[in-house]
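Residue numbers (my numbering): 357 to 995.
Glycine is no exception: its CB is placed at the ideal position from the N, C-alpha and C atoms.
Treat the numbers as computed from the prediction; the structure is a model and nothing was measured.
Below: the structure, in C-alpha cells.
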C-alpha cells in the first residue's frame, strides 16, 4: 500500500513537472522572439491590431478609434479595443518596444487562462491531474505556442470567455449570488466586445444549458416562463448581446463617415463572416478546418481517440457530459462563423482550448481511473511530444523568421518614415488594405484595396482622401488594379521624386538641393548603376549606389545627384535613401543604417558624356562628402 502511494505521488509530481516545464518553455519562446515585428503569419491582422495600439500610444485613447489605413476621417472602429488600450498604456508608461509589449500581453492573457481552468476543474470535481494535464496540453499546443504570442486580440477574448464559463459554472453548481451574477455578465460583455466571434457561440451554448436546467428544476414550461426566471435569463444572456449590438451599431455609424469604412459595416461584411450553406455542408470544411488545421493543434488522431474514450470504455456520466460539452464548444462555432474559420486559421484559438480540456478530462478522469497512472502519464507525454513536434514543423520556422532591411515592409517603412514628416500622410496601392506599410512607417495612409469602388477618384485626386495639406507620398507595389503610370504622372505634375524600393515605387516631394561645394571630402561609397530602364510605359534613368560619411561611417543627411555634360545646365535631383544590407554588413554597421540611394529620373537627359556627382549633405554645421564618376549616356542606357 505504501509503495502504491509513493508511486502515485511520483506520477503526480511528474505531471506537475511536465506542465511547469512546458509552460516555462512556452514563456521562454515568447520572450526570445517577442521583438519580432508583427509581419509573420497573418500580418494583415497583426499590424491592424498593432497600428491601433500605436496611435493610442501617440494620441491617447479614443472611443471612435482610428484605423489609419482607410483615409480621412480616420476612425474605422471594429472590436472594442481593450487589448490595444492595455498595450498602448503599458508602452506609454514604460517607453518599451510596442511589438515586445504587444506579444507579451497576448501571452499574459493566455497564462491567465490557467486561473479559470483550475477553478473549472475544481468546480466540476474532476481529479487534480486533469488540471495539470490541461496546462501541459494547452501550452504545448502548436496553435497556442504560436498564436498565444501574436500581436492580436485572440487570447484576451479567450480569457474573457473562459472567465465567463467559470462564473457560469459557479452559478449553476452552487448558487447565483449577486457577485457571481455580475461577474458572469461583466466577463460575457467583455468577451463579446473584445471579439464577438469568440464569445457569442459559447454564450449561446451556456444559455441553452441554463434553459434546460431551469426547465428541469421547474418541471413544466409554464413554471419556467415566470417573470422572475425570464428576467434573470435576459440579464444573463440577452444583456451581453445587447451591449455588443450597441457597440456594433455605434461602430457602423462611425464607419459610415469614411468612404472605405462604409464598405466595412456589419451589414456589408455579414456574408463574409457567416459563410454559406454550401460551405457548412461541404466535406472540404471538415478536411480543411478540422483535419488539417484544428486536429493537429490539439493532439491529432491520438487526441481524437481520447475524446471518444469515455463513450467506448465504461465511464461515469459526468465525464461523458464534460467531454461532450467540450467537443460541442470546440466544434459548433465552426458552423456558425463558417467563412471566418475557413479563411483564417488563427480563429481556431477560440475553440482549441475546449477540445484540449476535453482531452485532459478523458486522460485524467477516464484513462487514469480505468487504466492507471502509468497509462495516463504515457499518453500525456505522447500527446505533448506530438504537439511539440508539430509545432517545430509547422510554426517554428515562422517564429524564427527575421525581418530585415531586405523585407519589403521594413524597407518601405523606413523610407516612408524618413521621407514623410510625422504629420504627413500617404497613399498606397498594391498592399490590399493591410496596415503593414503604415505601421512600419509610423504614418497614416490610405492603403487602397482592389475592392474600393471609387478607385478612379483616388487616382485622380488623392488629396481628397487625406487630411488637407498632409499628402506627402505615394507607394505603388505590383497589382492588377492601379496602373504604375499614374505614379509617374503624379510625380511630374507635383515635381516629386521617385525611387524603386523592394520591387515597389515610392514618390515623395522633392527637396531643394544645397549648393554643391567646390571642394569636399570623398564619401565612402560608389555609383553602382546609371541606366535607362522601362517601368510600365515610362522610360526612366535609374541611378543606384551607396554613400556613407567617411568620418562617422553613417548614412546621415540627404543625398543629391548632379549630372553635367559641360554644355547644358546641370541637372540636380534628390535621391532617396534605401536599404543596402550587403554594404551595412560589410562595414559592420547596425542594420538600421540605410546606406543605399536610388532615383528614377524622368525625362531622361540627352545622350552624351556626363559627370555624375553624388552629394551627401549632412547639414550646415557638418562637412559634405561627394562621389564622382563619368558615364556615357546613350539611348540604350549603356555606361
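Sufficient close CB pairs (3 or more, under 8 Å) joining the stretch 417-435 to the stretch 477-487: Contact between the stretch 417-435 and the stretch 477-487 is absent, because fewer than three Cβ pairs lie under 8 Å.
Are residue 508 and residue 405 close, meaning C-beta to C-beta below 7 Å? Counting from 1 along the chain shown, the entry for residue 508 is found at position 152. Counting from 1 along the chain shown, the entry for residue 405 is found at position 49. Between residue 508 and residue 405, the C-beta spacing is below 7 Å.
Mind reading off the beta-carbon distance from residue 864 to residue 960? Whole number of angstroms is fine, and I expect it under 8 Å. For the purposes of this step, residue 864 is identified with residue 508 of the chain shown, where counting begins at 1. For the purposes of this step, residue 960 is identified with residue 604 of the chain shown, where counting begins at 1. Not quite, the Cβ-Cβ distance comes to about 21 Å (not below 8 Å), so this is no contact.
Can you tell me where the alpha helix (DSSP H) with residue 743 in it begins and where it stops? Here residue 743 corresponds to residue number 387 of the chain shown, with the count starting at 1. Residues 729-750.
Name the DSSP bridge partner or partners of residue 966? The residue given as residue 966 occupies position 610 in the chain shown. The partner list for residue 966 (beta bridge, DSSP) reads 987.
Looking at the secondary structure, which residues open and close the alpha helix (DSSP H) in which residue 692 lies? Position 336 of the chain shown, counting from 1, holds the residue named residue 692. Boundaries for residue 692: no alpha helix (DSSP H) harbours it, and the DSSP string shows neither H nor E there.
Option in 448, 403 and 396 with minimal Cα separation from residue 413: As a working note, residue 413 is residue 57 in the chain shown. That would be 448, whose Cα lies nearest to the Cα of residue 413.
8 Å contact criterion, which residue 819 and residue 827 should meet: CB distance rounded: Residue mapping note: residue 819 aligns to position 463 of the chain shown, counting from 1. Residue mapping note: residue 827 aligns to position 471 of the chain shown, counting from 1. Confirmed, Cβ separation roughly 5 Å.
Of the residues 873, 871, 875 and 845, which one's Cα is nearest the Cα of residue 862? By one-based count along the chain shown, residue 862 stands at place 506. Cα-wise, what sits closest to residue 862 is 845.
Using only the alpha-carbon positions, how far apart do residue 495 and residue 501 sit? Within the chain shown, numbered from 1, the residue matching residue 495 stands at position 139. Within the chain shown, numbered from 1, the residue matching residue 501 stands at position 145. Cα to Cα, the separation comes out at about 6 Å.
Could you check the C-alpha separation between residue 588 and residue 639 for me, to the nearest Å? Taking the first residue of the chain shown as 1, we reach residue 588 at position 232. Taking the first residue of the chain shown as 1, we reach residue 639 at position 283. Going from the Cα of residue 588 to the Cα of residue 639 covers about 40 Å.
Evaluate residue 775 with the Cβ neighbour count: other Cβ atoms within 10 Å of its Cβ, from every protein chain shown; 16 or more gives buried, anything less gives exposed. Position 419 of the chain shown holds residue 775. Buried, by the Cβ-count rule.
So, for residue 646: in the same chain, excluding its five sequence neighbours on each side, which residues have a beta-carbon less than 7 Å away from its beta-carbon? In the chain shown, the residue the question calls residue 646 occupies position 290. Cβ neighbours of residue 646 beyond the five flanking positions: none.
Going by the beta-carbon positions, is the gap between residue 604 and residue 622 smaller than 7 Å? Taking the first residue of the chain shown as position 1, residue 604 is located at position 248. Taking the first residue of the chain shown as position 1, residue 622 is located at position 266. The criterion of a C-beta distance shorter than 7 Å is satisfied by residue 604 and residue 622.
Going by C-alpha to C-alpha distance, which of 466, 917 and 423 sits closest to residue 379? In the chain shown, counting from the first residue as 1, residue 379 sits at position 23. Out of 466, 917 and 423, 466 has the C-alpha closest to the C-alpha of residue 379.
Can you find the residues in the same chain that come closer than 8 Å, C-beta to C-beta, to residue 486, ignoring five residues on each side of it along the sequence? Taking the chain shown and counting its residues from 1, one reaches residue 486 at position 130. Within the same chain, residue 486 has close Cβ partners 477, 716, 717, 719, 720 and 721.
Tell me the DSSP secondary structure of residue 993 in three-state form. Residue numbering aside, residue 993 sits at position 637 when the chain shown is read from its first letter. Its pLDDT being 48, under 50, residue 993 is placed unreliably in this model, and the value from its coordinates should be taken loosely. The three-state secondary structure of residue 993, taken from DSSP, is coil.
Within the stretch 913-963, ranges of the alpha helix (DSSP H) (whole runs, at least 4 residues): DSSP runs (the alpha helix (DSSP H)) wholly in the stretch 913-963: 937-942.
Do residue 557 and residue 518 have their C-beta atoms within less than 7 Å of each other? Along the chain shown, read from residue 1 onward, the residue named residue 557 stands at position 201. Along the chain shown, read from residue 1 onward, the residue named residue 518 stands at position 162. For the pair residue 557 and residue 518, the CB atoms are not nearer than the 7 Å cut-off.
Simplified DSSP state of residue 530, which is helix, strand or coil: Position 174 of the chain shown holds residue 530. Coil at residue 530, not helix or strand.
Could you give the residue range of the alpha helix (DSSP H) that holds residue 685? Indexing the chain shown from 1 puts residue 685 at position 329. Taken as a continuous stretch (DSSP letters only), the alpha helix (DSSP H) holding residue 685 covers 673-687.
By how many angstroms is the C-alpha of residue 748 removed from the C-alpha of residue 728? The residue given as residue 728 occupies position 372 in the chain shown. The residue given as residue 748 occupies position 392 in the chain shown. Each residue's alpha carbon lies about 31 Å from the other.
Residue 830 burial status per 10 Å Cβ neighbour count (16 or more: buried): Position 474 of the chain shown, counting from 1, holds the residue named residue 830. Its Cβ being crowded by 16 or more others within 10 Å, residue 830 is buried.
Start and end of the beta strand (DSSP E) containing residue 894? In the chain shown, residue 894 corresponds to position 538, counting from 1. Note, residue 894: beta strand (DSSP E), 894-904.
Please go through the stretch 784-844 and give each complete beta strand (DSSP E) segment of 3 or more residues, from N-terminal end onward. Every beta strand (DSSP E) of 3 residues or more that sits fully in the stretch 784-844 is shown, in chain order, as 800-804 and 827-832.
Alpha carbon to alpha carbon, how far is residue 796 from residue 521? The residue you call residue 796 lines up with position 440 of the chain shown. The residue you call residue 521 lines up with position 165 of the chain shown. Distance between the alpha carbons of residue 796 and residue 521: 38 Å.
What's the C-alpha gap between residue 375 and residue 906? Stepping through the chain shown from its first residue, residue 375 is reached at position 19. Stepping through the chain shown from its first residue, residue 906 is reached at position 550. Each residue's CA atom was taken as its position, placing residue 375 and residue 906 some 56 Å apart.
Taking the beta strand (DSSP E) that residue 884 belongs to, which residues open and close that run? Counting from one through the chain shown, the residue named residue 884 turns up at place 528. For residue 884, the uninterrupted beta strand (DSSP E) segment begins and ends at 880-891.
Is residue 761 helix, strand or coil when you go by DSSP? In the chain shown, the residue the question calls residue 761 occupies position 405. It is coil, neither helix nor strand.
Residue 489 and residue 760 - do their beta-carbons sit closer together than 7 Å? Taking the first residue of the chain shown as 1, we reach residue 760 at position 404. Taking the first residue of the chain shown as 1, we reach residue 489 at position 133. Result no, Cβ atoms of residue 760 and residue 489 do not sit closer than 7 Å.
What is the DSSP secondary structure of residue 418, reduced to helix, strand or coil? For this step, residue 418 is matched to residue 62 along the chain shown. In the structure shown, residue 418 adopts coil according to DSSP, grouped into three states.
Could you tell me whether the Cβ atoms of residue 536 and residue 528 are closer together than 7 Å? Numbered from 1 along the chain shown, position 180 holds the residue referred to as residue 536. Numbered from 1 along the chain shown, position 172 holds the residue referred to as residue 528. Not closer than 7 Å, so no.
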